[in-house]
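A.B. asks:
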């Protein structure tokens, strides 16, 4: 059980606690393309004045109701703070989203593994460099898709 | 029990004082409330107790009102004290909580100021009017107006708790009018009565807001509303300029320095 918690092998395929309904189709709440932080432009119309979700890549797979509970009503940028290169670009894009796109709020959703907190740090740096101030929220997702914390930072 | 849930809390406590004592145990201080027109169901709901504590509270209230009734006991440990919840405010609400701190610093000085006025040969009218200026400009115009013009608009303004807040603001303004009149007339007793009255009122008012009202409002706000309220509060602050809060922070610091010296003389 040693090594990086972000890449440690854990198998919870035997998990039996599977509450919830599998009936009915859930529509996608995605309202834009592209979504990867290197590909999006802060000047895209879908960012102007909106609530933004900055999501670590893995969160959409870990959270069963990612679309319904977090993506709905927001525009999104996704990134991996462990594997992506040139992350200083992300800081500048967040600054531009705040100052130029005049976004309303920024919600950063990350996994509980330590390396994922790098994305929250990127969001904080971008927000601190911006001249406008906006509310920034951090949501931490557990490996089994539970919400560990949700707070304004 | 449903008919009791829809009764005003004051009426329930008058008929059964034990309910007031039970609520007090749960940190719900309805007994000294001057209005008491909140419905029992709203009183319990607004305090956001965890489900176990709420079930135990409702059981105890029902047993207190109907001692002979066979009420099923909730399967929880009634003596278990839940850990106090850490209050986490949204950024615009946190700003309002932070503004309370400066107001509370003046409230803390009021007994010393009142003693100083009583022991002085002449009423220090300038000192009183400077305190009144802080209260009217910082506490009322700068702070209370953001509550009344922005924050309260995000919830049902007819809710009892909001009506109580409006009433507190008006009562506070009445106290301050009386303080000014006392200063004009040189009436020390009038100044004392209404400065201390204002202190008592605002102390309870701020406690209610920090611990009950603001968290209740925050729980109802969507992310979009938090962002919108943050912007509107910032615009309201910008309209009066950065200098205003700085001026009153300096005033309170000077007042503290002056009266710390008075106390240590």
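Protein chains in written order, with the working numbering: chain A, 2 to 154; chain B, 17 to 281. Ideal placement from N, C-alpha and C gives every residue a C-beta, glycine not left out.
Between the beta-carbon of residue 39/A and the beta-carbon of residue 102/A, is there less than 9 Å?
C.D. replies: Position 38 of the first chain, counting from 1, holds the residue named residue 39/A. Position 101 of the first chain, counting from 1, holds the residue named residue 102/A. Cβ distance not < 9 Å, so residue 39/A and residue 102/A don't count as in contact.
A.B. asks: Can you confirm whether the stretch 33-42 of chain B touches the stretch 132-142 of chain A when touching is taken to mean that 3 or more C-beta pairs between the two stretches lie within less than 8 Å?
C.D. replies: No, the stretch 132-142 of chain A does not touch the stretch 33-42 of chain B.
A.B. asks: Please decide whether residue 240/B counts as near chain E, where near means a Cβ-Cβ distance under 9 Å.
C.D. replies: Considering every chain present, this structure includes no chain E. Its protein chains are A and B.
A.B. asks: Expressed to the nearest angstrom, what Euclidean distance is found between the alpha-carbon atoms of residue 24/B and residue 126/B?
C.D. replies: Translated into the one-based positions of the second chain, residue 24/B becomes position 8. Translated into the one-based positions of the second chain, residue 126/B becomes position 110. For residue 24/B and residue 126/B, the distance between alpha carbons rounds to 34 Å.
A.B. asks: Apart from the five residues just before and just after residue 144/B, which ones in its own chain have a Cβ nearer than 6 Å to its Cβ?
C.D. replies: Within the second chain, residue 144/B is the residue found at index 128, counting from 1. Cβ neighbours of residue 144/B beyond the five flanking positions: 199.
A.B. asks: Give me the subset of the stretch 100-133 of chain A whose CB atoms are less than 7 Å from a CB atom of chain B, sorted by chain position.
C.D. replies: Answer in chain order: 105, 106, 108.
A.B. asks: Determine the closest residue to residue 114/A out of 83/A, 125/A, 126/A, 15/A, with distance taken between C-alpha atoms.
C.D. replies: Position 113 of the first chain, counted from the start, is the residue given in the question as residue 114/A. When only C-alpha atoms are compared, the closest one is 83/A.
A.B. asks: Output yes if chain B places a C-beta closer than 9 Å to the C-beta of residue 20/A; else output no.
C.D. replies: Translated into the one-based positions of the first chain, residue 20/A becomes position 19. For residue 20/A, the answer is no, since every Cβ of chain B falls outside 9 Å of its Cβ.
A.B. asks: How about residue 105/B and residue 261/B: are their beta carbons less than 9 Å apart?
C.D. replies: Within the second chain, residue 105/B is the residue found at index 89, counting from 1. Within the second chain, residue 261/B is the residue found at index 245, counting from 1. It is not a contact, given that the beta carbons lie outside the stated cut-off.
A.B. asks: Helix, strand or coil: how does DSSP classify residue 112/A here?
C.D. replies: Counted from its first residue, the first chain places residue 112/A at position 111. Note: residue 112/A maps to strand in three-state DSSP.
A.B. asks: Report all residues from its chain with a CB closer than 8 Å to the CB of residue 42/B; omit the five preceding and five following residues, and keep chain order.
C.D. replies: The residue given as residue 42/B occupies position 26 in the second chain. Closer than 8 Å at Cβ, skipping near neighbours: 63, 65, 69, 73.
A.B. asks: Return the first residue and the last residue of the alpha helix (DSSP H) that residue 42/A is part of.
C.D. replies: Taking the first chain and counting its residues from 1, the one referred to as residue 42/A is at position 41. Per DSSP, residue 42/A belongs to no alpha helix (DSSP H) and is neither H nor E.
A.B. asks: Run through DSSP, which three-state label would residue 124/A get?
C.D. replies: The sequence position of residue 124/A within the first chain is 123, counting from 1. Looking at residue 124/A - three-state DSSP - the assignment turns out to be helix.
A.B. asks: Contact check, residue 265/B vs residue 118/B under 8 Å by CB: the rounded distance?
C.D. replies: Taking the second chain and counting its residues from 1, the one referred to as residue 265/B is at position 249. Taking the second chain and counting its residues from 1, the one referred to as residue 118/B is at position 102. Contact holds; Cβ gap of about 6 Å.
A.B. asks: Near residue 228/B, what residues of its chain come up, given a Cβ to Cβ distance below 7 Å and the 5 sequence neighbours on each side ignored?
C.D. replies: Position 212 of the second chain, counting from 1, holds the residue named residue 228/B. Once the five neighbours on either side are set aside, the close Cβ partners of residue 228/B are 62, 63.
A.B. asks: State buried or exposed for residue 184/B, treating a residue as buried only when at least 16 other CB atoms are found within 10 Å of its CB.
C.D. replies: Here residue 184/B refers to the residue found at position 168 when the second chain is read from its first residue. Buried: at least 16 other Cβ atoms inside 10 Å.
A.B. asks: Kindly list the residues whose CB is nearer than 8 Å to the CB of residue 207/B, restricted to its own chain and excluding five residues on each side of it in sequence; keep chain order.
C.D. replies: Against the second chain, residue 207/B aligns to sequence position 191. Excluding sequence neighbours, residue 207/B sits near 130, 133, 139, 144, 195, 198, 199.
A.B. asks: I'd like to check one pair, residue 225/B with residue 161/B: are the Cβ atoms closer than 9 Å?
C.D. replies: In the second chain, counting from the first residue as 1, residue 161/B sits at position 145. In the second chain, counting from the first residue as 1, residue 225/B sits at position 209. No; because the gap between Cβ atoms is not below 9 Å, this pair is not in contact.
A.B. asks: Check residue 34/A in the structure and name its three-state DSSP category.
C.D. replies: The sequence position of residue 34/A within the first chain is 33, counting from 1. In the structure shown, residue 34/A sits in coil (DSSP, three-state: anything other than H, G, I, E or B).
A.B. asks: Write down every uninterrupted run of the alpha helix (DSSP H) in the stretch 52-120 of chain A whose length is 4 residues or greater and which is fully enclosed by it, in chain order.
C.D. replies: With a minimum length of 4 residues, the continuous alpha helix (DSSP H) runs that stay inside the stretch 52-120 of chain A are 60-63, 89-100.
A.B. asks: Can you tell which of 237/B, 218/B, 107/B has its C-alpha closest to the C-alpha of residue 186/B?
C.D. replies: For the purposes of this step, residue 186/B is identified with residue 170 of the second chain, where counting begins at 1. Among 237/B, 218/B, 107/B, the Cα nearest to that of residue 186/B is on 218/B.
A.B. asks: Touch check for the stretch 89-105 of chain A and the stretch 57-69 of chain A: three-plus C-beta pairs under 8 Å?
C.D. replies: No, the stretch 89-105 of chain A is not in contact with the stretch 57-69 of chain A.
A.B. asks: Look at the Cβ atom of residue 71/B, then the Cβ atom of residue 90/B, and state whether they are nearer than 9 Å.
C.D. replies: Position 55 of the second chain, counted from the start, is the residue given in the question as residue 71/B. Position 74 of the second chain, counted from the start, is the residue given in the question as residue 90/B. Against a cut-off of 9 Å, the Cβ pair of residue 90/B and residue 71/B comes out as a contact.
A.B. asks: State the beta-bridge partners of residue 165/A as determined by DSSP.
C.D. replies: Any answer about residue 165/A is impossible in this case: the structure gives chain A only from 2 up to 154.
A.B. asks: Going by DSSP, what residues sit across from residue 24/B in a beta bridge?
C.D. replies: Locating residue 24/B in the second chain gives position 8, where the first residue counts as 1. According to DSSP, which records beta bridges pairwise, residue 24/B is partnered with 55/B.
A.B. asks: How would you call residue 268/B, buried or exposed, if buried means at least 16 neighbouring beta carbons within 10 angstroms?
C.D. replies: Taking the second chain and counting its residues from 1, the one referred to as residue 268/B is at position 252. Residue 268/B comes out buried.
A.B. asks: Going by the DSSP bridge assignment, what does residue 148/A pair with across the sheet?
C.D. replies: By one-based count along the first chain, residue 148/A stands at place 147. Paired residues: 142/A.
A.B. asks: Can you tell me which of the three DSSP states residue 123/B falls into?
C.D. replies: By one-based count along the second chain, residue 123/B stands at place 107. DSSP places residue 123/B in helix when its eight states are reduced to three.
A.B. asks: Could you give the DSSP three-state label for residue 243/B: helix, strand or coil?
C.D. replies: Here residue 243/B refers to the residue found at position 227 when the second chain is read from its first residue. Three-state result, residue 243/B: helix.
A.B. asks: At least one CB of chain B closer than 9 Å to the CB of residue 136/A: is that the case?
C.D. replies: Residue 136/A sits at position 135 when you count from the first residue of the first chain. Yes, residue 136/A lies at the interface with chain B (some Cβ there is under 9 Å from its Cβ).
A.B. asks: Within 9 Å (strictly less), CB to CB, does residue 61/B reach chain A?
C.D. replies: Position 45 of the second chain, counted from the first residue, corresponds to residue 61/B. It does not: the Cβ of residue 61/B has no partner Cβ on chain A nearer than 9 Å.
A.B. asks: If you run the structure through DSSP and keep just helix, strand and coil, what is residue 13/A?
C.D. replies: For the purposes of this step, residue 13/A is taken as residue 12 along the first chain, with counting starting at 1. In this structure, residue 13/A counts as coil in the three-state DSSP scheme.
A.B. asks: Shorter than 9 Å from the beta carbon of residue 243/B to some beta carbon of chain A?
C.D. replies: Translated into the one-based positions of the second chain, residue 243/B becomes position 227. Yes, contact with chain A.
A.B. asks: Listed in chain order, which residues of the stretch 49-71 of chain A have Cβ atoms closer than 7 Å to some Cβ of chain B?
C.D. replies: Those residues of the stretch 49-71 of chain A that come within reach of chain B (Cβ to Cβ, closer than 7 Å) are 52.
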